[in-house]
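This report concerns only the one structure given below.
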Amino acid sequence: MAKNMNEIIITGCTSGVGLAFHEIVNSGELLDNYNVLYLGRDLSRLTKSDNQKYLELDLSQSGYINWDLIYGYPFPKLITLISNASIIDPLGKITPDNFDTLKQSLNVNILSPIEIFSSLARWAEANSVLIKIINITSGAANSPIAGWGAYCMTKAGIKMFLDVMSKESEHIEVIHFDPGVIDTGMQAKIRQATADEMPLVDNFKDFKVNGQLKSPTDVALKLIDMCKL
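Residue numbers (the numbering used here): 245 to 473.
This is the structure we're talking about:
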């Protein structure tokens with residue numbers, strides 16, 4: 245693997261947009277001047293490439309990464325981190341009955357990503373490496389949706405945290421990218437919700453029926469273009 249190249253990190257690489265990103269990159273030369281580190285909970289789902297790096301990481305448990313073991317000297321000039329992993333559970337009102345699921349959502353969507361961002365930022369500043377973070381965000385970060393308390397809260401929280409990080413360090417650039425509604429497993433789960441859990445569920449069923457969902461492949465291609473900018 246080439247040294248001193250620009251590097252890319254993507255979380256949530258085993259499903260949805262992350263999986264599409266992996267398949268596109270490993271089937272061609274769209275990112276032939278980049279090394280990619282894939283972070284995912286169950287990497288056995290992937291057909292791995294010998295030319296890329298992989299780290300099994302369960303964000304529901306931890307976001308700890310020893311960056312000195314990932315990047316050796318000479319260090320890359322730029323690392324682009326695509327923050328893609330997220331979950332929407334629990335759907336419905338937050339109650340004491342679903343607090344365990346809420347805690348898992350907090351870990352996956354905000355606490356473990358913050359651990360990744362903050363440790364990478366400290367390592368990068370110490371080694372004069374620039375960081376670009378592409379945060380895959382959602383309208384839920386800005387507008388409340390009944391039944392999405394956990395998702396709205398964590399999407400809004402991680403967006404604000406990253407904005408603060410970018411103010412605190414000249415080494416960090418943050419881009420918030422809202423791809424719209426994508427045809428992923430998360431959308432399938434949303435469509436299975438009851439109207440009591442989520443009053444707008446019929447709208448999301450219509451998105452699927454009317455062909456209004458974006459493909460993970462199209463979104464992954466857009467992310468690849470953004471990595472090159």
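Positions of the beta carbon are idealized from the N, C-alpha and C atoms, including for glycine.
Subject >> Pick from F405, P340, V352 that is closest to S362, judged by C-alpha positions >> reply: F405
Subject >> Q305 versus F265, I268, P423, R285, residue with shortest Cα-Cα distance >> reply: Comparing Cα-Cα distances from Q305 to each of F265, I268, P423, R285, the minimum goes to R285.
**OP:** Report yes if the C-beta distance between T255 and L283 is below 8 Å; otherwise report no.
**Re:** yes
**OP:** From the DSSP output, read off the bridge partner residues of K376.
**Re:** T324, E417
Subject >> Under the three-state DSSP convention, the category K337 falls into >> reply: coil
Subject >> Residue nearest to I375 in terms of C-alpha spacing, selected from S356, P334, P388, S410 >> reply: S410
**OP:** Classify T438 as helix, strand or coil using the three-state DSSP reduction.
**Re:** DSSP places T438 in coil when its eight states are reduced to three.
**OP:** Could you round the C-beta distance between N379 and I419 to whole angstroms and report it? I think they count as a contact, below 8 Å.
**Re:** 7 Å
Original post:
Shortest alpha-carbon distance to R289 belongs to which of N310, L313, P318, C257?
Top reply: C257
Original post:
On the three-pair Cβ rule with 8 Å, is the region 338-349 touching the region 260-280?
Top reply: no
Original post:
Would D427 be called buried (16 or more neighbouring beta carbons within 10 Å of its own) or exposed?
Top reply: buried
Original post:
Should K433 be labelled buried (16 or more other beta-carbon atoms within 10 Å of its own) or exposed?
Top reply: K433 sits exposed, since fewer than 16 C-beta atoms from the chains shown fall within 10 Å of its C-beta.
Subject >> Three-state secondary structure assigned by DSSP to K458 >> reply: strand
**OP:** Spatial neighbours of T461 within its chain, please: CB distance less than 6 Å, with the 5 preceding and 5 following residues excluded, ordered by chain position.
**Re:** A264
Subject >> Per-residue DSSP class, three states only, for N250 >> reply: strand
Subject >> Buried versus exposed, by CB contacts within 10 Å (16 or more), E412 >> reply: exposed
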